[in-house]
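*Asks:* Sharing a structure with you now.
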Amino acid sequence: MAKPIALVTGAAAGIGAAIAERLAADGYRVCIADRAAGPAEATADAIRKAGGDAFAEALDITDEIAQAALLQRLGELDVLVNNAGIFDVKDFFELTADDFRRMYEINTVAMFTLSRNAATRMAKGARIVNIASRAMLGARHYAHYVSSKAAVVGLTRAMALELAPRGISVNAVAPGVIETQMLKARSDTNLDGLRALQPLGRLGVPEDIARTVAFLAAPEADFITGQILLVDGGRSLGGATGI
Ligand SMILES: NC(=O)c1ccc[n+]([C@@H]2O[C@H](COP(=O)([O-])OP(=O)(O)OC[C@H]3O[C@@H](n4cnc5c(N)ncnc54)[C@H](O)[C@@H]3O)[C@@H](O)[C@H]2O)c1
Numbered sequence: 019m020a021k022p023i024a025l026v027t028g029a030a031a032g033i034g035a036a037i038a039e040r041l042a043a044d045g046y047r048v049c050i051a052d053r054a055a056g057p058a059e060a061t062a063d064a065i066r067k068a069g070g071d072a073f074a075e076a077l078d079i080t081d082e083i084a085q086a087a088l089l090q091r092l093g094e095l096d097v098l099v100n101n102a103g104i105f106d107v108k109d110f111f112e113l114t115a116d117d118f119r120r121m122y123e124i125n126t127v128a129m130f131t132l133s134r135n136a137a138t139r140m141a142k143g144a145r146i147v148n149i150a151s152r153a154m155l156g157a158r159h160y161a162h163y164v165s166s167k168a169a170v171v172g173l174t175r176a177m178a179l180e181l182a183p184r185g186i187s188v189n190a191v192a193p194g195v196i197e198t199q200m201l202k203a204r205s206d207t208n209l210d211g212l213r214a215l216q217p218l219g220r221l222g223v224p225e226d227i228a229r230t231v232a233f234l235a236a237p238e239a240d241f242i243t244g245q246i247l248l249v250d251g252g253r254s255l256g257g258a259t260g261i
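Laid out in structure tokens, this is it:
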């Protein structure tokens, strides 16, 4: 029997690479789509060396023509993981409309176009998993990122309703602080300080998110749609300082 196909965006590194590795271990043929062609190739190669089935495709997710061409090459799609995203830190009074547009273009608009185009190639039982962020709840110093991820929540819930008649479920995972390159974009990064805010006492690792995505993609999750699952070591609960 042919393996189910999973497309993971932004899978050259970080959380996306861990998701690709996990889905390959679960028996999917995984397409690693990333604008960083070399690292995407290296990640696919590592998965193959570990016995998994993966291949890389260079894709800037904001390029709708390239999206369509890739989807055509893939044929039918079983799982789409919208993981690619950008982050940066900027004081509220320094932020511009262009900062917002760029953030939304990658984190939100491309997620919509890729999902809409992919859904036409998905059969009943297919899954879409979006990567949101705990930042959807609000955070200082990156209002553009916070807003783009809150929009991912609305998009996830709307798509769940739009695609339910086709038997396609749509959920989101909202990671807390996960140790990847993205954290390094924060000049204020103080890992010990961030760790101290974690009720469970540790920062996240990409595999924490990969496991959750794998669950939402698996047959066991077939009655779950439109949900946003916070995977953040309890940070969203508050109370980390005991006050
Ligand atoms: N690391 C965290 O603490 C954290 C927390 C919450 C949410 N997230 C979300 O998780 C996702 C992955 O984050 P990460 O920490 O692994 O980041 P990362 O920077 O390590 O990896 C992101 C990947 O996305 C790719 N990418 C970026 N823009 C792209 C585009 N236009 N087209 C194609 N690929 C593109 C990059 O090349 C990179 O390989 C993002 O959506 C991010 O917002 C991360």
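When we follow my numbering, the leftmost residue of the sequence shown carries the number 19, and every step to the right adds one. For glycine and all other residues, C-beta sits at the position ideal for the given N, C-alpha and C.
Please list the segments of the beta strand (DSSP E) lying wholly inside the segment 141–201, counting only runs of 3 or more residues, in order along the chain.
*Replies:* Those beta strand (DSSP E) runs which fall completely within the segment 141–201 and span 3+ residues are 145–149 and 187–193.
*Asks:* Between the C-alpha atoms of residue 19 and residue 161, what's the straight-line distance to the nearest angstrom?
*Replies:* 47 Å
*Asks:* Heavy atom of ligand 1 less than 6 Å from the Cβ of residue 148, yes or no?
*Replies:* No, since every heavy atom of ligand 1 falls outside the 6 Å radius drawn around the Cβ of residue 148.
*Asks:* So does the segment 120–131 actually touch the segment 214–224, counting three or more Cβ pairs closer than 8 Å?
*Replies:* no
*Asks:* When you compare the CB positions of residue 181 and residue 139, do they come within less than 7 Å of one another, or not?
*Replies:* No, these two residues do not count as a Cβ contact at 7 Å.
*Asks:* Using a Cβ-Cβ cut-off of 7 Å, state whether residue 41 counts as contacting chain C.
*Replies:* Of the protein chains in the structure, only one exists, and it is not chain C.
*Asks:* Within 8 Å, do at least three Cβ pairs link the segment 26–45 to the segment 225–238?
*Replies:* yes
*Asks:* Tell me whether residue 94 sits in a helix, a strand or coil according to DSSP, three-state version.
*Replies:* coil
*Asks:* At the level of alpha carbons, what is the spacing between residue 68 and residue 49?
*Replies:* 16 Å
*Asks:* By the three-class DSSP mapping on this structure, what secondary structure does residue 261 have?
*Replies:* Interpretation of residue 261 is limited by its pLDDT of 48, a score under 50 that renders its predicted location unreliable; no figure is taken from the coordinates.
*Asks:* Can you find the residues in the same chain that come closer than 6 Å, C-beta to C-beta, to residue 200, ignoring five residues on each side of it along the sequence?
*Replies:* 105
*Asks:* Rounded to whole angstroms, what is the Cα-Cα separation between residue 176 and residue 244?
*Replies:* 8 Å
*Asks:* Give the C-beta separation of residue 33 and residue 101 to the nearest angstrom, bearing in mind that I take them to be a contact with Cβ-Cβ under 8 Å.
*Replies:* 6 Å
*Asks:* Alpha carbon to alpha carbon, how far is residue 26 from residue 257?
*Replies:* 35 Å
*Asks:* Roughly how many angstroms lie between the CA atoms of residue 249 and residue 193, to the nearest whole one?
*Replies:* 5 Å
*Asks:* What residues in its chain sit with their C-beta under 8 Å from that of residue 247, if we drop five residues either side in the sequence?
*Replies:* 189, 190, 191, 192, 230 and 234
*Asks:* Quick check: what's the CA-CA separation for residue 185 versus residue 62?
*Replies:* 30 Å
*Asks:* Helix, strand or coil: which one does DSSP assign to residue 120?
*Replies:* helix
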